[in-house]
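In what follows, a structure is listed as structure tokens, so that the remarks can point back to it.
In this note's numbering, the protein residues as written are 4 to 228.
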């Protein structure tokens with residue numbers, strides 16, 4: 004096989020995966036930045052995309068065959084030309100298959116990203132007690148992504164100020180800690196004196212100089228009393 008053929012075949016396999024990986028990066032807080040892992044994820048998502056295409060194509064053939072009553076002529080096996088191209092060194096390229104794989108990779112990439120964002124694989128593993136990890140994110144992302152974390156206190160040690168507000172946005176876990184709060188109340192930390200209200204505030208937090216707390220909700224207060 005010439006190097007140009009190899010590159011072309013890798014392009015066909017990886018391109019749907021590249022599109023899907025870009026979609027995953029748009030949704031997830033932990034970006035895939037390593038070239039090695041980007042290639043691995045692209046290959047994995049590319050193969051999964053073609054497998055899903057094969058399943059959908061096969062289901063369509065079975066449905067059409069059952070309607071036409073041609074079960075005797077039904078042959079089991081792979082239907083996409085891409086498999087012949089990969090395994091049998093064939094040069095048959097179906098442009099429709101390639102186009103469909105590129106289009107299909109967009110919603111599939113969004114689906115992969117949603118699954119990754121919701122940590123469904125880790126939740127499944129935790130359910131069966133196969134792992135104690137919540138996911139690949141650090142505690143910053145885990146805590147702020149929690150559905151129980153909505154209104155928070157941020158206490159800055161260097162300024163002696165405490166900010167109470169609702170989370171609107173926050174930075175990714177691998178960059179500097181930035182957070183946007185809405186409906187903010189500002190207090191002095193040492194004596195709790197209320198200073199003023201803000202519609203919103205953007206905070207860039209210095210490492211080791213802040214703490215974040217969640218207030219007890221009214222329902223939780225009633226349950227404890």
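C-beta: ideal position from N, C-alpha, C; glycine also.
Owing to the predicted nature of the structure, the values given are computational and were not obtained by experimental measurement.
Here residue 49 carries a helix assignment [DSSP, helix/strand/coil]. Only residues of its own chain outside the window of five on either side were considered, and among them 189, 190, 191 have a CB closer than 7 angstroms to the CB of residue 198, listed in chain order. In chain order, 19, 20, 23, 104, 107, 108, 111 place their CB closer than 8 angstroms to the CB of residue 52, counting only its own chain and leaving out the 5 sequence neighbours on each side. Contact check for residue 209 against residue 161 passes: the beta carbons are separated by less than 8 angstroms. Residue 56 and residue 125 have their alpha carbons spaced roughly 26 angstroms apart.
Closest by C-alpha distance to residue 156, out of 121, 184, 134, is 184. Taking all protein chains in view, the Cβ of residue 115 is crowded by 16 or more other Cβ atoms within 10 Å, so the residue is classified as buried. In the DSSP secondary-structure assignment, residue 158 is bridged to 165, 214. Buried is the label assigned to residue 44, since at least 16 other Cβ atoms lie within 10 Å of its Cβ.
Per DSSP, residue 203 lies in no alpha helix (DSSP H); the unbroken beta strand (DSSP E) holding it starts and ends at 197 to 207.
Contact check for residue 158 against residue 119 fails: the beta carbons are separated by 8 angstroms or more. Counting other Cβ atoms within 10 Å of its Cβ, residue 195 stays below 16 and is therefore classed as exposed. Looking only at 211, 193, 182, 153, the smallest Cα-Cα distance to residue 219 is reached by 153. Annotation: the continuous alpha helix (DSSP H) that includes residue 130 extends over 123 to 130. Collapsing the DSSP output to three states places residue 60 in a helix.
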